[in-house]
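Since the structure comes first, as structure tokens, the remarks are kept for the end.
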Amino acid sequence: MEPFLNKLKDKKIILASNSPRRQELLKGLEVEFEIRTNSVDERVPDDMKPEFVAAYLSKLKADSFADELKENEILITSDTVVIENGHVLGKPKTEDEAFDMLKSLSGATHSVMTAVTFKDYKRQLTVEDETKVTFRFLEEDEIWHYIKTYQPFDKAGAYGIQEWIGYVGVTKMEGSYFNVMGFPLHLIYEQLKKWQ
1452 MEPFLNKLKD KKIILASNSP RRQELLKGLE VEFEIRTNSV DERVPDDMKP
1502 EFVAAYLSKL KADSFADELK ENEILITSDT VVIENGHVLG KPKTEDEAFD
1552 MLKSLSGATH SVMTAVTFKD YKRQLTVEDE TKVTFRFLEE DEIWHYIKTY
1602 QPFDKAGAYG IQEWIGYVGV TKMEGSYFNV MGFPLHLIYE QLKKWQ
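Just so we're aligned, residue 1452 is where the sequence shown starts under this note's numbering, counting upward by one.
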């Protein structure tokens, strides 16, 4: 049986992400794609509201391919941010920073926002998804166990929901699980159907 999105077979899908999670998730949609990335300065204006950051960065990544796309190519870029108490939690640089992030998420509800940008040689579209995630109170030794064992330095908010900390810590979620992983698959599938 042919993949459901087989009308895209004349298109070349380009995923601009080195994230193994995003690559694995896109494979799950039965889409063939190649990886192509550009170096982007991901600094965000100081006065930007947290809820606009994911879309800003996703579009920034797409803009870096401005004149590179051929007629049959569709580019997908994405960015995920964790917003806690009105602040964006990026990727931690140190164990102490990771601990402080997870401590702030402990016993509270935060928001995960992912923006995905689709771009071809003549048009561009960005879609967004938001998920509310609630953690139970995390003991300090649990936080340290997770940091030491899983080294979550490549993850916004210092955690991966698909890892140990998600198994033992998340008590409630409103919205898409895959959005928290960094790729809202239902939206991506919907847009690729329209694009074909």
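Quick reminder that beta carbons are idealized off the backbone N, C-alpha and C, glycines included. For clarity, every value in this text was computed on a predicted model and none was experimentally measured.
Unbroken beta strand (DSSP E) runs of no fewer than 3 residues, entirely contained in the stretch 1601-1633, are found at 1621-1625, following chain order. Listed in chain order, the non-local C-beta contacts of A1513 below 7 Å within the same chain comprise L1526, T1528, T1568, K1570, Q1575, local neighbours out to five positions each way being set aside. Taking E1522 as the centre and dropping the five residues before and after it, the same chain places the C-beta of Y1572 closer than 7 Å to its C-beta, in chain order. If you check the CB distance, K1542 and A1607 come in under 8 Å. Around the beta carbon of F1586, 16 or more other beta carbons lie within 10 angstroms, which makes this residue buried. Between the alpha carbons of T1488 and F1550 lies a gap of roughly 30 Å. Relative to K1544, the option among V1533, V1495, D1605 whose CA is nearest is D1605.
Taking one beta carbon from each stretch, the stretch 1588-1595 and the stretch 1529-1540 have fewer than 3 pairs nearer than 8 Å; the two do not touch.
Nearest Cα to K1583 within the set E1481, E1625, E1475: E1625.
Counting along the chain, E1502 sits inside the alpha helix (DSSP H) bounded by residues 1501-1514.
Residue burial annotation: D1498 is exposed, with fewer than 16 other C-beta atoms found within 10 angstroms of its C-beta. For V1578 and L1556, the gap between their C-alpha atoms comes out near 26 Å. Residue burial is scored here from C-beta neighbours: R1473 has at least 16 other C-beta atoms within 10 angstroms and is therefore classed as buried.
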